[in-house]
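Protein chains in written order, with my numbering: chain A, 191 to 515; chain B, -2 to 298; chain C, 5 to 328.
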């Protein structure tokens, strides 16, 4: 087990190094780094200073080491527009994004699992066809369009929900959290639901497919033949088998949620890292963009690592197989 | 449990007519095909059937801006779908928008198909370290969300039809590569490939002449799905202001333009292009679903 | 002898897009206390389906459409879902063919046993544990405490089947339906499991329906035999009588196609053709197209009729005109 996790961590480190190389050369080769780090009013002298500052007169591999050195120390430069370290900005905005993403994930599970189970239990029922139609549509419709409709219907027409912004927040463990206040929760529902739809479609499909497979398995028939109550059969015997692939996929998709949060945040003016990125792009705050990029790469690699470990914990076959190998 | 004898047709049927018949047996799929064909024709004929050329500023009257659907212009022309903030006829803008969205979707899907299929075939045929390296790249690519990669690329590259197509190809080729390699590995192990090898046919000839044709049904399914994704991604990126320049408004950009007017109740500017976008993406996805059911029932994820 | 279970004219059908498929037609059977009935047939003959029809676990689109399933004289088909659930495990237990598939791969043996116990009893964790250990011990599982903590994939096939049997016997059911429980096992393990089930049933007076396609197994374990073909019973009788003097041509054909020690070197006779699909059952006797004795009279519907003490056959040209 420990050896398995160690191997995964080493793999993750390798990916991280490869990705920093890609980002570094992406910034340095595709875009001119001088223009990325210089504001538009920079004259010749200022440009020369930036070149020296960035160490562009030195060989490329040396530049990369400097870049990595700064990275390890957590220094990704200052934002043009905010004038503060970019990483500070990211960590300041991150709780809002995570809150949105986690809420969306929970909504997707809370709504998607029962719907998927229903569709799997009675695949030919009208309601099941309706559920699959809903899944199909929410899977294909672009997120921004759903967000738009949400605003038109629930904020503009019905006036039930606020259209933009985050509500009151409360500081807990030094992190701003909004879902504990009514206003915060009220503001959270529309964007979180919008974001949850993609995953909900996925949860429904996976649950239904899992049900179709597991329900007809001998071990479920055996549990039923022993008189185990239907509720228990579904909630434990079936569910635990279905959850393994769902957790894996959702773990991998969580990164996708953070990515789509960019869209949702900019529609609902939700003050997270995604909105920050779009605003940063609009004013060409390049250090901020680079910092976001590096941050996302890190997050993804760590996330994939966690999913792998969680998966092995959930599935005894993988867990014990790895231990004996 | 039910050991009922059933006459299940073989999973792989090369019979083209049978496939067509099974496709036509689904009313949903036929409906989707009709919808998609309708929009394709509309896009093709846009310059001739649109009441106005929305790119020609001489034809656009700013005084006609923000008119609701069905209004008449000073010149007596009816704006069936209203006008936008610059006084553009929405019907014309949408027709041209469909044109751009479909071009982006088709071209990016096509190039991604070429790149991905080539990589997938090479990986399946060469095996060894070439396969390992290529497939590692594919895995890495697939572990990052497409929208984020496309977004970053467009930040670096800037706006433009060519640039968004490039970005979409970059994020989509890996899907083709992975699928094609999978199918090609299976096909490569079959007797006829062994036979071809025995005849000392060249590698390229075996790949193109024998393996590729058998991958085509799968490629077609993936291409359909990826085209829907490409159209959706392009719209999303354009909505965020990153995809296409304002001079070439795609459906996403039209929706984005109308976004500011939504709260004041001028819904048509966003909603109508949105519905068109929805219809296109859903119909393409339905087509893909049906094709997958017919051509390759094992492809389900 | 009182019947633990009696099936009267059981009809089970599958409702597919192509219409109703009559998978079981008029199945009538009895099993007495302590009796072992061997239910024999090819795949698709409906023998497994008979088992699932008895305990009400047919998957849709299948459904029992007619007849009665009498458990101690009470028709369980009339029972509510909850009442039927209480019968499953408590009165009627089931053992499946493939021990690899019978136990839930992601739940520990203990959880699966505790759930089976909790289905009919309210026990504390410790009590459930004690009963589980006793049950595992009884089926001959060494160090049962350790096995409780195991996941199914950590056990061998034979061990898994023992666990499944232990679970099925937890509530001392009146009837056990064993659906080919030894087919997937090694020969030596097969023998052990056979002996185990036989011993447990004899000791407790449990009725047992042993579903199999293997006549040798039936010969070794069963008191009576019932042969199924295309959803119908074709022959029923005491196991020795039937195996010594098969009356239905199909039973005889089945026996001829099994290698046996007494006939070494003789060519095995195979039954020509294959069992008809439910979608295209011939009229009259379903075995007619494969039968060398068939005549035009076989096109008429056939009834199961007595041909001797406790012997019945569904054939108008039986091989033995046994004397009553």
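All residues carry an ideal CB built from backbone N, CA and C; glycine is no exception.
None of the values given here were measured: they were computed from a predicted structure.
Which bits of chain A does residue i rub up against, with CB to CB less than 9 Å?
i	result
residue 274 of chain B	331, 332 and 335
residue 106 of chain C	408, 409, 411 and 412
residue 260 of chain B	341, 342, 345, 346 and 353
Under 8 Å between beta-carbons, which chain B residues line up against residue i? List them in chain order, please.
i	result
residue 452 of chain A	144, 145, 148 and 237
Could you work out which residues of chain A lie near residue i, taking near to mean beta carbons separated by less than 7 Å?
i	result
residue 171 of chain C	416
residue 264 of chain B	342
residue 271 of chain B	335 and 338
Using the beta-carbon of each residue, which ones in chain C are nearer than 8 Å to residue i?
i	result
residue 308 of chain A	By Cβ distance, chain C contributes nothing, its closest Cβ being about 15 Å from residue 308 of chain A, past 8 Å.
residue 419 of chain A	89 and 123
How should residue i be labelled, buried or exposed, when 16 other C-beta atoms within 10 angstroms of its C-beta is the threshold for buried?
i	result
residue 49 of chain B	buried
residue 155 of chain C	buried
residue 136 of chain B	exposed
residue 420 of chain A	exposed
residue 408 of chain A	buried
residue 235 of chain A	exposed
residue 248 of chain C	exposed
residue 397 of chain A	buried
residue 465 of chain A	buried
residue 322 of chain C	buried
residue 285 of chain B	buried
residue 491 of chain A	buried
residue 475 of chain A	buried
residue 260 of chain A	exposed
residue 25 of chain C	buried
residue 84 of chain C	exposed
residue 289 of chain A	buried
residue 406 of chain A	exposed
Show which residues of chain A have a CB atom less than 8 Å away from the CB atom of residue i.
i	result
residue 93 of chain C	415, 416, 417 and 418
residue 152 of chain B	471 and 479
residue 106 of chain B	Chain A residues near residue 106 of chain B: none, gap ~15 Å exceeds 8 Å.
residue 120 of chain C	413, 416, 417 and 418
residue 111 of chain C	426, 427 and 430
residue 97 of chain C	415 and 416
residue 168 of chain C	412
residue 102 of chain C	408
residue 110 of chain B	Per Cβ cutoff of 8 Å: no residues; residue 110 of chain B is ~20 Å from chain A at best.
Which partner residues of residue i appear in the DSSP bridge assignment?
i	result
residue 233 of chain C	C:236
residue 242 of chain C	C:228
residue 117 of chain C	Bridge partners of residue 117 of chain C: none, in fact.
residue 214 of chain C	C:42 and C:182
residue 31 of chain C	C:14
residue 73 of chain C	C:11
residue 178 of chain A	There is no way to answer for residue 178 of chain A, as the model of chain A reaches only from 191 to 515.
residue 25 of chain C	C:18
Am I right that residue i and residue j are in contact with their C-beta atoms under 8 Å? What's the rounded C-beta distance?
i	j	result
residue 180 of chain C	residue 35 of chain C	At roughly 10 Å, the Cβ-Cβ gap does not stay under 8 Å, so residue 180 of chain C and residue 35 of chain C are not in contact.
residue 173 of chain B	residue 109 of chain B	6 Å
residue 2 of chain C	residue 167 of chain C	This structure cannot settle anything about residue 2 of chain C, because the visible part of chain C is limited to 5 through 328.
residue 119 of chain B	residue 127 of chain B	7 Å
residue 95 of chain B	residue 273 of chain B	6 Å
residue 340 of chain A	residue 380 of chain A	5 Å
residue 215 of chain A	residue 257 of chain A	Not confirmed; about 10 Å, so no contact.
residue 152 of chain C	residue 128 of chain C	In fact, because the Cβ distance is near 16 Å, the residues do not count as touching under 8 Å.
residue 93 of chain B	residue 43 of chain B	5 Å
residue 225 of chain C	residue 40 of chain C	6 Å
Residue i touches chain B at which residues, Cβ-Cβ below 7 Å?
i	result
residue 268 of chain A	Within 7 Å Cβ-Cβ: nothing; residue 268 of chain A doesn't reach chain B, min ~19 Å.
Following a CB-centred definition, is residue i positioned closer than 7 Å to any heavy atom of the ligand MG?
i	result
residue 59 of chain C	With respect to small molecules bound, the structure shown includes none, and the ligand MG cannot be examined in it.
Taking only beta-carbon positions, decide if residue i is within less than 8 Å of chain F.
i	result
residue 327 of chain A	In the displayed structure, chain F is absent; the protein chains listed are A, B and C.
Problem - Residues in the stretch 41 to 67 of chain C having any Cβ partner in chain A nearer than 7 Å - result: Residues of the stretch 41 to 67 of chain C with a C-beta atom less than 7 Å from some C-beta of chain A are 59, 61 and 63, listed in chain order.
Exercise for the section: May I ask you to list, following chain order, the residues of the stretch 179 to 209 of chain C that have a beta carbon less than 7 Å from some beta carbon of chain A? Expected result: Those residues of the stretch 179 to 209 of chain C placed with their C-beta closer than 7 Å to a C-beta in chain A do not exist.
Handout entry: Contact residues within the stretch 420 to 454 of chain A, judged by C-beta distance below 8 Å to chain C
Key = Taking a C-beta cut-off of 8 Å against chain C, the contacting residues of the stretch 420 to 454 of chain A are 420, 422, 426, 427, 430, 431 and 434, listed in chain order.
Handout entry: Interface residues of the stretch 279 to 294 of chain B facing chain A [CB-CB below 9 Å]
Key = Answer in chain order: 279, 281, 282, 283 and 286.
Problem - Members of the stretch 113 to 133 of chain B that neighbour chain A once the beta carbon cut-off is set at 7 Å - result: Those would be none; no residue qualifies.
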